[in-house]
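Protein chains: 2
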Amino acid sequence: MHNPSVPVLSARADLHNSILSYGEAEEASIRDRSAYLVDLVLHRLKGDWAAGDRLTEVCNYALGAPGKYFRPILLLESAAAVGGDLHQVMPAAAGTEGAHLASLMHDDIIDGDELRRGMPAVHAKYSQADAIVGGDALIFYLFAALATCAANGVEAQRIVLAMGKAAKAGAELCQGQMMEEEIRQNYDSRVTSYLRMIENKTAALFRAACSIGGTLGGGSAEEADALARYGTGLGIAFQIQDDLLPYLSTAEETGKPHSSDLANRRLTLPFLLCRAAAGPELAAELDDLINSEGDLEDRHLRLAALLTRHGAVTRAAEEARRYAADAIDALVPLPQSPSRQSLEYFAKAAVSRCR
Amino acid sequence: MHNPSVPVLSARADLHNSILSYGEAEEASIRDRSAYLVDLVLHRLKGDWAAGDRLTEVCNYALGAPGKYFRPILLLESAAAVGGDLHQVMPAAAGTEGAHLASLMHDDIIDGDELRRGMPAVHAKYSQADAIVGGDALIFYLFAALATCAANGVEAQRIVLAMGKAAKAGAELCQGQMMEEEIRQNYDSRVTSYLRMIENKTAALFRAACSIGGTLGGGSAEEADALARYGTGLGIAFQIQDDLLPYLSTAEETGKPHSSDLANRRLTLPFLLCRAAAGPELAAELDDLINSEGDLEDRHLRLAALLTRHGAVTRAAEEARRYAADAIDALVPLPQSPSRQSLEYFAKAAVSRCR
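If you're matching them up, the sequences are chains G and R in order. Counting from 1, position 88 in the first sequence corresponds to residue 88 in the working numbering; the numbering is continuous, with no gaps. Counting from 1, position 113 in the second sequence corresponds to residue 113 in the working numbering; the numbering is continuous, with no gaps.
Below you can see the structure in the form of structure tokens.
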């Protein structure tokens, strides 16, 4: 399936080169810094979920799965990018990971996905009831964590602003999940519906993490807005890349079966781009692959070959890169700093990852 | 089933007399005031959920079912009891109803209850996915609503305190739902486990509504604490009474089948009290009713007769009244006002209602 002659792989090589243009030492330093921040976040999460009851066990299991901790890192780097103190905003960073995991736990129930990050999903490991209630607890955790920032010396007015942003992102996230369901059911969904959906489902929490980081970190409204724009572009780019993974990576790398999108009728950008540009013959072939009852893995391989051959995988990858570039542009109003450099790096790395 | 000679009915008559001791005009005035507050809350909820998308439709359906709107009223009366302005705290009041409905929506999925307030539960009317995501949205709504209070002139510091209380109540609520599951599975559950469970599952949000009302309404920390104690006692009393309803009312009055608790193995106070005091013969009979596969409605009727005959329904009703009395005592530090009088009335009414 991974034919080295297909254009997308060259696109990936370009991006890889673009990241390498940082210089290996620079990239290593950004990676070290991120690893250090992840350790801090994990430490906070472990402390906050230390009790021995069942609710804690369920949430601990979800929080402990090897993740990217992307949202907390974004919040921390955004706070640092406006001169904020990492310790002060750490609870909020951990909280955003909680809200993110809540949406994954609930999503996995809805989609019937049994695997997450290569491990049994929470509802598969425990029960559906545990995954529903555990997810709810992790949503409340975000706001408990925001309240804790007051004890760390963050101004109450900034915390109230952050709460408003977090609550808005949560509503958008739910909106995005509903739209995903509608797209699944409405076969004529367009590329624009998909983009609006992922802006809600994924970019909203990225946007909120960055903007909350800027606000709690003491930034101006303009800085918080710039960070919000950065988070939006990054989130959309990240989600498009995520949806590209079944066509770019092995199932071992992504930690869940490639045919999961097909099994769930999740129509993503490569498919929608290909379908929108298809003549009657190709359209019929695509429709058949989505609607037939044949072997999932086989259908996935045929779909991947089709989307790759017709350039849809490449075009989707180009879209992702465009949003990543928008994200980097949005950072211009911020002063140069290692944190801003990390944020720029994340935007490039988001669209070149294969897991 | 409702034999006028069983003691519980005399107990209900006593409470009814106790409420009537208010004087009919006084009681009517409290009811009018509550009806007026419910109108204000409904107006706010309708305005906040006015968009035409699917998420709004689902949440609107949940919010529109004929409810008691008890938590918003408690928040408003608590705010007024410390001299607060109803308009300023109205968003928070509406928000507590959202969080309450979220827990009902998620609970109904977990319990497989198809009816709620006499109407199809959200997951039955729409889908499980809609009920999960809609519930999540209503949790976020609580915090969006709290943030809105800033625009109404509530001090940021008070809002941050309120957010912490709301988030803590949410965590306790989830804890309570987990405990309920454990009690369901662990046959030897005791009365103390049950009381701890309902303190989390029900009283936590009552406590938070009262305490948040006191805080946002401008009350002192002592006043907010008194209101929190009131809410705790009221919540426990309310939940015990709720669990008594299948033994006191008709299914039409409660809006769901009486055998629902039995179908879900929900062991409530009358059962646990009876089982704890039972000799071997009665214990075996009770166990058989819970564990047998026989006709649900028939088992419920036999269980109700048994619990009534052995005085367990009466003893549970007495427990409820004890907590209601505690709630009223907790209000002593507050100045006399129509709002305090309403709160006192609610505590008495909570344990005399039959729906």
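Yeah, the Cβ is synthetic: ideal placement off N, Cα and C, and Gly gets one too.
Quiz item: Should R/Cys-59 go down as buried or exposed, given a rule of 16 or more other Cβ atoms within 10 Å for buried?
Solution: buried
Practice problem: Compare the C-beta of G/Phe-70 with all C-beta atoms of chain R and state if any pair is closer than 8 angstroms. | Solution: no
Practice problem: Hey, could you find the ends of the alpha helix (DSSP H) G/Pro-72 is sitting in? | Solution: 70-81
Practice problem: Give me the Cβ distance between G/Phe-271 and G/Leu-307, rounded to the nearest whole Å; I'm assuming they're in contact under 8 angstroms. | Solution: 6 angstroms
Quiz item: Can you name the start and end residues of the alpha helix (DSSP H) that R/Leu-267 belongs to?
Solution: Unbroken run through R/Leu-267: none, as it is neither H nor E.
Quiz item: Does R/Gly-214 come within less than 8 angstroms of chain G when only Cβ atoms are used?
Solution: no
Quiz item: So is G/Leu-9 in contact with chain R if we call contact Cβ pairs under 8 angstroms?
Solution: A caution first: G/Leu-9 carries a pLDDT of 35, below 50, which makes its placement in the model unreliable, though a value can still be read off. By this cut-off, G/Leu-9 is not an interface position.
Exercise. Please work out which residues of its chain come closer than 6 angstroms, Cβ to Cβ, to R/Cys-274, disregarding the five sequence neighbours upstream and downstream, and give them in chain order.
Key: Leu-307, His-310, Ala-312
Quiz item: Is the distance from the Cβ of G/Ala-330 to the Cβ of G/Ala-226 below 8 angstroms?
Solution: yes
Quiz item: Thinking just about the alpha-carbon of each residue, which of R/Ala-283, R/Ala-350, R/Ser-337 is nearest to the one in R/Val-82?
Solution: R/Ser-337
Quiz item: Taking the alpha-carbon positions, what's the R/Met-90 to G/Ala-305 distance?
Solution: 57 angstroms
Quiz item: What is the C-beta distance between R/Arg-158 and R/Thr-215, in whole angstroms, given that I count them as a contact (C-beta under 8 angstroms)?
Solution: 5 angstroms
Quiz item: Helix, strand or coil for G/Arg-117 per DSSP?
Solution: coil
Exercise. Note down, in chain order, every chain R residue with its Cβ under 9 angstroms from the Cβ of G/Leu-412.
Key: What is shown of chain G runs 1 to 355, which leaves residue 412 of chain G out entirely.
Self-check item: 4 or more residues per run - each alpha helix (DSSP H) lying fully within the region 268-355 of chain R
Solution: 269-277, 280-291, 296-309, 312-330, 338-350
Self-check item: G/Met-90 at chain R interface by Cβ criterion, 8 angstroms
Solution: no
Practice problem: Quick one: residues in its chain with C-beta nearer than 6 angstroms to the C-beta of R/Asn-200, no 5 flanking neighbours on either side, listed in chain order? | Solution: Glu-172, Gln-175, Gly-176
Quiz item: Who are the Cβ neighbours of G/Cys-149 in its own chain at under 7 angstroms, not counting the five residues just before and after it?
Solution: Gln-88, Val-89, Pro-91, Ala-92, Ile-159, Leu-216
Quiz prompt | Beta-carbon contacts of G/Leu-37 that lie in its chain and below 6 angstroms, excluding the five residues immediately before and after | solution = Ile-73, Leu-76
Quiz item: Taking buried to mean at least 16 other C-beta atoms within 10 Å of its own C-beta, is R/Ala-350 buried or exposed?
Solution: buried
Exercise. Answer with yes or no whether the minimum CB distance from R/Val-160 to chain G is below 8 angstroms.
Key: yes
Exercise. Please go through the same chain and pick out, in chain order, the residues whose beta-carbon is closer than 6 angstroms to the beta-carbon of R/Leu-161, but skip the five residues on each side of it.
Key: Thr-215
Quiz item: Tell me which same chain residues have a C-beta within less than 7 angstroms of the C-beta of R/Asp-111, skipping the five on either side of it?
Solution: Asn-264
Self-check item: Beta carbon of G/Ser-259 nearer than 8 angstroms to that of G/Glu-297
Solution: yes
Quiz item: Helix or strand or just coil, what does DSSP make of R/Asn-186?
Solution: coil
Quiz prompt | 7 angstroms CB neighbourhood of G/Gln-128 in its chain, flanking five on each side removed | solution = Ile-109
Quiz prompt | Start and end residues, alpha helix (DSSP H) containing G/His-87 | solution = 86-111
Quiz item: Using DSSP with H/G/I as helix, E/B as strand and the rest coil, what is R/Ser-220?
Solution: coil
Quiz item: Hey, is the region 112-121 of chain R in contact with the region 32-48 of chain R, meaning 3+ C-beta pairs nearer than 8 angstroms?
Solution: no
Quiz item: chain G partners of R/Met-178, CB-CB under 9 angstroms?
Solution: Asp-53, Arg-54, Leu-55, Val-58, Ala-129, Asp-130, Val-133, Gly-134, Ala-137
Quiz item: If you draw a straight line from the C-alpha of R/Ala-145 to the C-alpha of G/Leu-289, how long is it?
Solution: 45 angstroms
Quiz item: Between R/Ala-221 and chain G, is there a C-beta pair that is closer than 8 angstroms?
Solution: no
Self-check item: Residue range of the alpha helix (DSSP H) that includes R/Ser-259
Solution: R/Ser-259 -> no alpha helix (DSSP H), and no H or E assigned at all.
Quiz item: Can you name the residues of chain R whose CB is closer than 8 angstroms to the CB of G/Glu-114?
Solution: Result: empty, since nearest Cβ-Cβ is about 16 angstroms, beyond 8 angstroms.
Quiz prompt | Option nearest G/Tyr-69 by Cα separation, candidates G/Glu-223, G/Ala-209, G/Glu-24 | solution = G/Ala-209
Quiz prompt | Integer Cβ distance of G/Met-197 from G/Ile-183, believed to fall under 8 angstroms | solution = 6 angstroms
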